[in-house]
Amino acid sequence: MAKIDVKKLKTDAEKLRGKNKLDKALELYEQIDKAGQADAKTLQRMAEIYLKLEKSKEGIDKYRQAMNKYVEEGFLLQAIAVGKILQELVPENEALSEEIEKILAKTQGALIGRIQPKKMVLQKSAETSASPEPIPDGTSTAKAEAEPEERREEKTEAEAELETPVQEEPLELEEPALEEETIVQAGEEGTSSIDFLLFSELNQEEFSEVYRKLRSVKVPAGVRICREGESGDSIFIIVQGKVGVIKRVGEEEKALAQLGVGEFFGEFGYFMDGLRHATVKALTDLELLEISKSDMDQIIEQFPQVKEVMLKFYKERVLDNLLALSPLTSILSPEERKKLIDRFELRECEPGEVIVQEGEPGDAMFLIKSGRAEVTTIDPRDSRRLTLARLGAGDFFGEVSLIKNKPRTATITALTPMELLVITRESFEELSQNHPELVGLLEQTIEQRVEATIKKIMGEK
1 MAKIDVKKLK TDAEKLRGKN KLDKALELYE QIDKAGQADA KTLQRMAEIY
51 LKLEKSKEGI DKYRQAMNKY VEEGFLLQAI AVGKILQELV PENEALSEEI
101 EKILAKTQGA LIGRIQPKKM VLQKSAETSA SPEPIPDGTS TAKAEAEPEE
151 RREEKTEAEA ELETPVQEEP LELEEPALEE ETIVQAGEEG TSSIDFLLFS
201 ELNQEEFSEV YRKLRSVKVP AGVRICREGE SGDSIFIIVQ GKVGVIKRVG
251 EEEKALAQLG VGEFFGEFGY FMDGLRHATV KALTDLELLE ISKSDMDQII
301 EQFPQVKEVM LKFYKERVLD NLLALSPLTS ILSPEERKKL IDRFELRECE
351 PGEVIVQEGE PGDAMFLIKS GRAEVTTIDP RDSRRLTLAR LGAGDFFGEV
401 SLIKNKPRTA TITALTPMEL LVITRESFEE LSQNHPELVG LLEQTIEQRV
451 EATIKKIMGE K
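Under our numbering, the final residue of the sequence shown carries the number 461; numbering is consecutive throughout.
As structure tokens, this is what we get:
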């Protein structure tokens with residue numbers, strides 16, 4: 001058989017596909033396939049075209065080949081996404097669903113760490129994470145797309161900046177990707193993919209349940225996937241394509257980052273307040289995997305040990321960002337923040353539970369992971385209980401007892417179910433030996449809270 005130019009055939013096929021000349025594009029892909037040189041992406045392209053040409057049997061067969069090829073090539077996320085598409089195409093085929101789950105569950109442990117996407121940061125940001133709105137119930141997630149009206153919105157200055165090409169070192173890949181993906185193999189520089197945080201520590205049964213809850217979502221290029229301030233608590237993983245992250249700073253929108261294959265967003269809304277903390281726009285056509293908070297809560301209820309995996313995920317993604325941005329802990333190096341994070345212990349509280357009681361001794365400080373609490377004190381003039389503040393995710397309390405070694409100055413009561421991260425005085429003192437300025441920063445916070453308490457008491461009369 002004559003040698004074929006795979007790169008040229010792929011390029012020509014993509015051009016034809018872009019012009020909607022699907023039959024012609026398919027002919028070129030089939031040449032590659034018949035020569036035994038089709039990679040997973042080529043097989044997936046063929047499956048997509050077969051389905052558009054209403055050749056369901058051929059499309060399903062190619063999707064199965066693509067999933068197995070992704071597994072063989074070491075790309076777990078892509079294998080999962082194709083598996084979800086297959087199950088949505090033939091939901092009544094239980095045997096196929098079981099086959100898919102077994103293939104992925106048995107191989108996922110061996111694949112962890114094979115994908116490390118290279119991050120493309122445009123400017124250092126207070127936040128490089130956001131998340132699209134969850135797909136409404138009843139929507140076909142395999143073909144879910146945003147409303148076409150959103151495509152016609154004019155680009156903002158921040159969006160135009162996001163679409164400016166980012167200068168990177170060229171990636172040497174054995175087989176050029178069909179799209180401008182940034183997949184690199186383990187050992188090269190890049191951020192850790194979500195594989196390390198969600199999949200690598202799950203056993204086969206746990207992984208299978210997570211897989212069942214994942215949803216496949218497709219989004220066309222140009223769509224603003226979510227808007228800062230809107231509600232949403234899903235975590236999304238990028239399987240194919242790129243997104244741009246935009247954050248409002250004062251009256252302006254700032255382009256923060258581009259995220260690519262294997263990276264994810266939405267963790268702030270998931271773990272904290274159920275709100276999106278930035279706007280995200282699809283810079284290319286996207287394939288995403290989504291898991292909602294309610295689905296993950298069901299998994300945790302069934303497999304309590306998964307909570308430890310999610311706590312590690314929270315610490316490494318959300319808590320580290322919070323500490324990096326906090327005036328109190330921003331002075332710490334990444335290594336020191338990691339040591340501090342490792343010292344935090346998880347505590348859960350029920351609504352109505354008194355977390356700390358005014359007047360009692362205390363030797364720990366608390367950071368709210370999730371939930372809300374009320375801060376109250378006794379008015380020394382007439383013994384009435386005054387509400388001083390309400391605290392939510394990201395707030396901390398207990399700092400007075402921690403550094404002053406004095407009784408608690410207020411009562412903190414849980415208003416909702418809460419998750420708290422607790423650090424003891426011993427751990428804090430060990431850290432503050434190297435950073436005595438931490439004590440000064442905490443004392444400033446104490447002074448501000450004392451002043452607010454006095455104003456509250458005086459204002460009540």
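Glycine included, every Cβ here is placed at the ideal spot set by N, Cα and C. As the structure is a computational prediction, the values presented were derived from the model and not from experiment.
Does residue i pass the burial test, meaning 16 or more other C-beta atoms within 10 Å, or should it be called exposed?
| i | result |
| --- | --- |
| LEU43 | buried |
| ALA221 | exposed |
| VAL71 | buried |
| GLU172 | Legend: pLDDT at GLU172 = 28, less than 50; position of this residue unreliable, value from coordinates given subsequently. When all chains shown are included, GLU172 counts as exposed. |
| LEU16 | buried |
| GLN302 | exposed |
| ASP379 | exposed |
| LEU202 | buried |
| LYS218 | buried |
| LYS242 | buried |
| LEU53 | exposed |
| ASN321 | buried |
| GLY83 | buried |
| ASN20 | exposed |
| GLY59 | buried |
| ASP39 | buried |
| GLU263 | buried |
| GLN240 | buried |
| GLN65 | buried |
| GLN258 | buried |
| ILE32 | buried |
Can you name the start and end residues of the beta strand (DSSP E) that residue i belongs to?
| i | result |
| --- | --- |
| ALA414 | 411-414 |
| GLU72 | It is not in any beta strand (DSSP E) - GLU72 instead sits in the alpha helix (DSSP H) that spans 56-73. |
| VAL239 | 235-240 |
| ARG224 | 224-226 |
| GLU419 | 418-424 |
Check for me: the alpha helix (DSSP H) holding residue i runs from which residue to which?
| i | result |
| --- | --- |
| LEU51 | 40-52 |
| LEU16 | 6-18 |
| LEU28 | 22-34 |
| LEU86 | 76-89 |
| GLN204 | 204-213 |
According to DSSP, what are the bridge partners of residue i?
| i | result |
| --- | --- |
| LYS254 | LYS247 |
| ILE355 | None; ILE355 has no bridge partner. |
| LYS218 | GLU287 |
| SER231 | LEU275 |
Are the beta-carbon atoms of residue i and residue j separated by less than 8 Å?
| i | j | result |
| --- | --- | --- |
| LYS62 | ALA81 | no |
| VAL356 | GLY392 | no |
| LEU9 | LEU28 | yes |
| ILE473 | GLY266 | Residue 473 lies beyond the stretch modelled for the chain, which goes from 1 to 461, so this question has no answer here. |
| ALA86 | LEU96 | Position check: residue 86 holds Leu in this sequence, whereas Ala was assumed. Result yes, Cβ atoms of LEU86 and LEU96 sit closer than 8 Å. |
| ASP342 | SER401 | no |
| SER231 | GLU101 | no |
| LEU346 | LEU431 | no |
| THR376 | LEU386 | yes |
| VAL245 | ALA278 | yes |
| SER234 | SER292 | yes |
| PRO351 | THR409 | no |
| GLU206 | VAL306 | yes |
| GLY394 | MET296 | no |
| PHE313 | ILE423 | no |
| LEU286 | SER216 | no |
| ALA373 | MET418 | yes |
| LEU26 | ILE4 | no |
| GLY359 | PRO407 | yes |
| LYS213 | ILE299 | yes |
Are any of the Cβ atoms in chain B nearer than 8 Å to that of residue i?
| i | result |
| --- | --- |
| ILE238 | The chain labelled as chain B is not found in the depicted structure, where only one protein chain is given. |
With a floor of 3 residues, list each beta strand (DSSP E) that falls wholly inside the region 248-312, ordered by position along the chain.
Taking only runs of at least 3 residues, the beta strand (DSSP E) segments lying wholly in the region 248-312 are 252-259, 279-282 and 286-291.
Scan the region 329-401 and note each continuous beta strand (DSSP E) run of 3 residues or more that stays entirely inside, going in chain order.
Restricted to the region 329-401, the beta strand (DSSP E) segments that are unbroken, complete and at least 3 residues in length are 345-349, 354-356, 364-370, 373-378 and 385-391, listed in chain order.
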